[in-house]
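All remarks here apply to the structure that follows.
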Amino acid sequence: MLVEVEIWTVGQMECGTAVILRVPSSVRCLPIYVKPNEAKKIHLLAKGNRNFEGFTDFFATFTAAVSVFPDYVEIHQGDKPGVYFSSIHFAKNREVYFSIKAPIPFALMLTSRMNLPILIETAILENFGVNLIIEKREEGHTEHIARLREELGQKVHEEEYEQAAVIRDQIKKIEEQMRLKKES
810 MLVEVEIWTV GQMECGTAVI LRVPSSVRCL PIYVKPNEAK KIHLLAKGNR NFEGFTDFFA
870 TFTAAVSVFP DYVEIHQGDK PGVYFSSIHF AKNREVYFSI KAPIPFALML TSRMNLPILI
930 ETAILENFGV NLIIEKREEG HTEHIARLRE ELGQKVHEEE YEQAAVIRDQ IKKIEEQMRL
990 KKES
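To convert a position in the sequence shown, counted from 1, into the working numbering, add 809.
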């Protein structure tokens, strides 16, 4: 089964530079290790900076010129733990038209450049994903709850009730932690 993830951040990890993919409204993340120059480009594109030329710009221009657009990027497991591959899927009328394999950094740059969804196998997240550490500061909790409430409202508006329930439970858990901390 596939689940949609987003580029949450880019940063330095113990093993190198990584793009952190996150399931929206979840603490579950997957670090994808890339070269520092690739991480910089992914970060800039994710922030909306289009002030540099590259193959992603060429690719986006080419797909527009031939009127065949990518629909989504899929990340799947390689033959070794921590090794992933990506495919760019092109669709016509929501049916897969064709797919091409692409290096992960290029696929992530393309998702940022063209606002494409990223889908990943749930088994990858279950086996190799990590959980975010929630801030311990109370003001961090307040900011986090505010962000979660915004996401909750959005999920309810989009009628994604299962995800909304997960977010609601996260809010309750954080509020309970804050209440217990004040009582002690």
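Quick reminder that beta carbons are idealized off the backbone N, C-alpha and C, glycines included. Please read these numbers as outputs of a predicted model, since none were measured by experiment.
Exercise. Cα separation between residue 898 and residue 979?
Worked result: Looking up residue 898 in the sequence shown gives position 89. Looking up residue 979 in the sequence shown gives position 170. CA-CA distance, residue 898 to residue 979, rounds to 33 Å.
Exercise. Among the residues of its own chain, which have a CB less than 7 Å from the CB of residue 891, if the five just before and after it don't count?
Worked result: For the purposes of this step, residue 891 is taken as the residue at position 82 of the sequence shown. Residues of the same chain with a CB within less than 7 Å of the CB of residue 891, apart from the 5 flanking positions on each side, are 937 in chain order.
Exercise. Do you know how far the Cα of residue 972 is from the Cα of residue 982?
Worked result: For the purposes of this step, residue 982 is identified with residue 173 of the sequence shown, where counting begins at 1. For the purposes of this step, residue 972 is identified with residue 163 of the sequence shown, where counting begins at 1. Residue 982 and residue 972 have their C-alpha atoms spaced approximately 15 Å apart.
For this session: Could you tell me the boundaries of the beta strand (DSSP E) in which residue 880 lies?
Result: Within the sequence shown, residue 880 is the residue found at index 71, counting from 1. For residue 880, the enclosing beta strand (DSSP E) begins and ends at 879-886.
Exercise. Would DSSP call residue 910 helix, strand or coil?
Worked result: For the purposes of this step, residue 910 is taken as residue 101 along the sequence shown, with counting starting at 1. Residue state, collapsed to three classes: strand.
Problem set entry | Unbroken alpha helix (DSSP H) run spanning residue 822, endpoints | Reading the sequence shown from its first residue, position 13 is the one you call residue 822. Careful: residue 822 lies outside any alpha helix (DSSP H), inside the beta strand (DSSP E) at 811-822.
Problem set entry | Sequence-distant residues of the same chain with beta carbon closer than 7 Å to residue 930, five excluded per side | On the sequence shown, position 121 is the one that residue 930 refers to. Excluding positions up to five away in sequence, the list reads 811, 885, 886.
Exercise. Alpha carbon to alpha carbon, how far is residue 829 from residue 992?
Worked result: Sequence index remark: in the sequence shown, residue 829 carries index 20 (1-based). Sequence index remark: in the sequence shown, residue 992 carries index 183 (1-based). About 35 Å.
Exercise. What's the call for residue 841, buried or exposed, on a 16-neighbour Cβ count within 10 Å?
Worked result: Stepping through the sequence shown from its first residue, residue 841 is reached at position 32. Burial call: buried.
Exercise. From residue 814 to residue 926, what does the alpha carbon distance come to, in whole angstroms?
Worked result: Along the sequence shown, one-based indexing puts residue 814 at 5. Along the sequence shown, one-based indexing puts residue 926 at 117. The straight-line gap from Cα to Cα measures roughly 7 Å.
Exercise. Under a three-way DSSP split, which group does residue 940 fall into?
Worked result: As a working note, residue 940 is residue 131 in the sequence shown. Strand.
Problem set entry | From 863, 888, 896, 917, residue whose alpha carbon lies closest to that of residue 907 | Position 98 of the sequence shown, counting from 1, holds the residue named residue 907. Taking the Cα of residue 907 as reference, the smallest distance to any Cα among 863, 888, 896, 917 is reached at 896.
Problem set entry | Cβ separation of residue 819 and residue 851, assumed to be a contact under 8 Å, to the nearest whole Å | Taking the sequence shown and counting its residues from 1, the one referred to as residue 819 is at position 10. Taking the sequence shown and counting its residues from 1, the one referred to as residue 851 is at position 42. Cβ-Cβ separation between residue 819 and residue 851: approximately 6 Å, consistent with a contact (criterion under 8 Å).
Exercise. Contact check, residue 934 vs residue 839 under 8 Å by CB: the rounded distance?
Worked result: Counted from its first residue, the sequence shown places residue 934 at position 125. Counted from its first residue, the sequence shown places residue 839 at position 30. Right, their Cβ atoms sit about 6 Å apart.
Exercise. Where do the N-terminal and C-terminal ends of the alpha helix (DSSP H) with residue 926 fall, by residue?
Worked result: Start at 1 with the first residue of the sequence shown, and residue 926 comes out as number 117. Counting along the chain, residue 926 falls outside any alpha helix (DSSP H), and DSSP gives it neither H nor E.
For this session: Name the two residues that bound the continuous beta strand (DSSP E) containing residue 988.
Result: For the purposes of this step, residue 988 is taken as the residue at position 179 of the sequence shown. Judged by DSSP secondary structure, residue 988 falls outside any beta strand (DSSP E) and instead within the alpha helix (DSSP H) spanning 970-992.
Problem set entry | Nearest neighbour of residue 923, chosen from 989, 859, 911, 846 [CA to CA] | One-based indexing of the sequence shown puts residue 923 at position 114. For residue 923, the closest alpha carbon among the candidates 989, 859, 911, 846 is that of 859.
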